[in-house]
Amino acid sequence: VQITSALVLGFDHGTTQSFAAPSETALPSSTTATAGPHKSSNADHPSRERFQDSIRQSLQQVSTAVEIEMESVMVVERAETEQDNAEGQARTTDQQALRALVTQNQKRLLRYRKGLQDLSLHYHSESSNGMLSDDGEDNSYVEKGTDPALSASKLLIDICAESQPLTGDWALKKLRKLAGLLDEMDQSKHAITVLHIVAALYRSRNTEADRNQLCRALLYLSSLLLSLARREEALTASEEAVTIVETMAELESERYKAHLAAALKMKSICKSDIGDADSAIKAAERAVSIYRYLHTNRPADFETALAGMLMEYSIILSKDRQKEGALQANEECLRMYRSMHTKRSTELEAELAEALCSYSIRLSEFGRIIEALQAIEESIAMQQVLDEMQPGHFTVHLAWGFTHYSTQLFKANRYEDGMEALEESLSMRRFLSQERPSRFLADLAWTLASYSMRLDKLGRRKDALEAIEESLKIRRTLLAARPEISCADLAWTLGMYSTILSKVRRHGEALAAIAECLRIRRSLHLRQPAAFEANLASTTFSYSSHLARAGRVEEAMRACEESLMLYETLYEARPQVHELDLANTRSHHATLLKRLRGNGGPYWRREEPSS
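Heads up: the sequence shown runs through residues 1 to 611, numbered per the UniProt record's numbering.
Next comes the structure, spelled out in structure tokens:
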């Protein structure tokens, strides 16, 4: 991907600055993308040839990945045909349903990408509302019921058989479609490679239609990068999209409001994910304001978009501990989904169920536990009906719902019911992870960690330790396969593991676990300071506590002082979030200081003799 990006940049020279640009490459700002198309000279010919070669090399790598996926599908199909036809048909249906399932976070980003596809009216038509154009592309490669790997294989054969340069409309349509199929195949890394190429081609052409498509490609790319925890790249792609749309909107404000809102939505999600709460809230508020305007003028077209944006706004506010605002946004979102569901009873049930689940969480933040239980019970009942209608399609949502239901039951001191709900979720997670380990092992690890916490609360320490050890084993497996995504999750699990080990008086192992957690979080903080500063502060605090327990008080003090410095910085920026953290760290620091002075250590101060 890096080689391709470098060649892409050479091809783009003089047009716009790519988000993947090396720092030493002096290219114009992306705001110049509104200028006329780049006029190539003969001197550009070698770089264009290199770019074409890089495209074909990248597509060859993609082709290899598709072949491997197809072989995997064929292995499954051969195994199924060995069974009874009726039984085999039932399993085939289940397998198709399982291939369509994604995790809750993936679902959130997938819904965003679906929204981009829904914005595919011709922007130049008389009825245009500023939507991103699809240019009337042919859908012959996306056959209903066909495996996406087979469709991608057919598409690649067609692309690679073409002798013309891969720069025309036909190539761009097929490359866009290929990226979508790779995404559906869970081949996000290769989809990102294809979208890098697509973005570069649209930049180089640089007509108004191409800028529309560039914006959509960048937003699609941003969501894929975010799903792989490549947060900074995701943010930069979304910011470039916002810049492009804002520049076009200066000339035709009404025409581009819809996709400016879509771009701001992605930017707000990215900003929130890297820990820049202020910028995330500002972007989200702009997006909400635009969607309100659009909804006022065209309610039928934009009610779903406004409701979805209100849900994102609620999540962003909640992460910043702005509980009242988060609850109000969630309540407005819920009212809209209920209204839409009343008018269209067969639609939006899944979205309404998710809004109810989120509403339950917001209510519990205010201690309104009875109402929170009612909301999550309504959500689960809806999801169970949906699952009965389409067996297997809503297992992920049900598992998520039962996990939250368990949390609310524990808050209501209904521990037995809470454990029953969590065990139901755990059973679903085990099934999903067995069928689709690449997608659902991480969710199983989360649920096992949650199960461990509940077992610990009930005093079942041995069972809690077994659950967190199983979770940790999964995390290490995932780290070996996808380190860029799994590092942060492994660190979180190690922190949990150290806590449980400490409670069973295995203090040496607990200290080793928290030390490993700290090493990982230091590494993450170096790469993404804003996203991981709070995590680093909490981990240095925990490390200090473990050191103090081991009698290594001077080392504990050094770790505590680092934590205190981090929390003071965090508190200055967001007092409502870190007030309690800072108070606890100061209290711990005072305790350590007292111990050190009592031991006559370097922090000990002699009393001045009285005169």
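For each residue, glycine too, the CB sits at the ideal point set by N, CA and C.
What three-state label does DSSP hand residue i in the structure shown?
i, result
"residue 584", "helix"
"residue 206", "coil"
"residue 84", "Its pLDDT being 47, under 50, residue 84 is placed unreliably in this model, and the coordinates cannot settle the point."
"residue 504", "coil"
"residue 596", "helix"
"residue 148", "helix"
"residue 325", "helix"
"residue 304", "helix"
"residue 440", "helix"
"residue 167", "coil"
"residue 320", "coil"
"residue 68", "helix"
"residue 335", "helix"
"residue 392", "coil"
"residue 312", "helix"
"residue 460", "coil"
"residue 591", "helix"
"residue 448", "helix"
"residue 216", "helix"
"residue 59", "helix"
"residue 344", "coil"
"residue 155", "helix"
"residue 228", "coil"
"residue 485", "helix"
"residue 274", "coil"
Tell me which residue opens and which closes the alpha helix (DSSP H) that residue i is part of.
i, result
"residue 401", "395-411"
"residue 540", "529-549"
"residue 248", "231-251"
"residue 419", "415-435"
"residue 562", "553-573"
"residue 386", "369-389"
"residue 256", "No alpha helix (DSSP H) contains residue 256, which DSSP labels as neither H nor E."
"residue 185", "Segment: none, residue 185 is in no alpha helix (DSSP H) and carries neither H nor E."
"residue 294", "277-297"
"residue 361", "349-365"
From residue i to residue j, what distance separates their C-alpha atoms?
i, j, result
"residue 59", "residue 180", "14 angstroms"
"residue 350", "residue 454", "28 angstroms"
"residue 490", "residue 297", "48 angstroms"
"residue 433", "residue 554", "45 angstroms"
"residue 155", "residue 414", "55 angstroms"
"residue 276", "residue 388", "41 angstroms"
"residue 234", "residue 450", "29 angstroms"
"residue 468", "residue 496", "7 angstroms"
"residue 551", "residue 544", "11 angstroms"
"residue 629", "residue 412", "Outside the displayed range of the chain (1 to 611) lies residue 629, so it cannot be described from this structure."
"residue 369", "residue 361", "9 angstroms"
"residue 594", "residue 588", "10 angstroms"
"residue 36", "residue 207", "With a pLDDT of only 39 at residue 36, under the threshold of 50, the placement of this residue in the model should not be trusted; the figure read from the coordinates follows. Near 7 angstroms, if we compare the C-alpha coordinates of residue 207 and residue 36."
"residue 457", "residue 528", "34 angstroms"
"residue 230", "residue 182", "18 angstroms"
"residue 500", "residue 581", "21 angstroms"
"residue 404", "residue 391", "21 angstroms"
"residue 287", "residue 261", "5 angstroms"
"residue 175", "residue 198", "7 angstroms"
"residue 542", "residue 567", "13 angstroms"
"residue 307", "residue 153", "37 angstroms"
"residue 332", "residue 565", "39 angstroms"
"residue 572", "residue 329", "26 angstroms"
"residue 461", "residue 439", "30 angstroms"
"residue 406", "residue 310", "26 angstroms"
"residue 372", "residue 585", "32 angstroms"
"residue 281", "residue 272", "8 angstroms"
Just checking my contact of residue i with residue j at CB under 8 angstroms: how many whole Å lie between their CB atoms?
i, j, result
"residue 646", "residue 248", "Limits of the chain in this structure are 1 at one end and 611 at the other, which puts residue 646 out of reach."
"residue 228", "residue 485", "6 angstroms"
"residue 591", "residue 563", "Not really, about 13 angstroms apart at Cβ, beyond 8 angstroms."
"residue 410", "residue 418", "4 angstroms"
"residue 326", "residue 317", "4 angstroms"
"residue 242", "residue 263", "4 angstroms"
"residue 269", "residue 312", "6 angstroms"
"residue 513", "residue 498", "4 angstroms"
"residue 376", "residue 408", "6 angstroms"
"residue 525", "residue 516", "Not quite, the Cβ-Cβ distance comes to about 15 angstroms (not below 8 angstroms), so this is no contact."
"residue 521", "residue 536", "5 angstroms"
Within 7 angstroms: the Cβ of residue i and any heavy atom of the ligand NAD?
i, result
"residue 304", "Of ligands this structure carries none, so the ligand NAD is not represented either."
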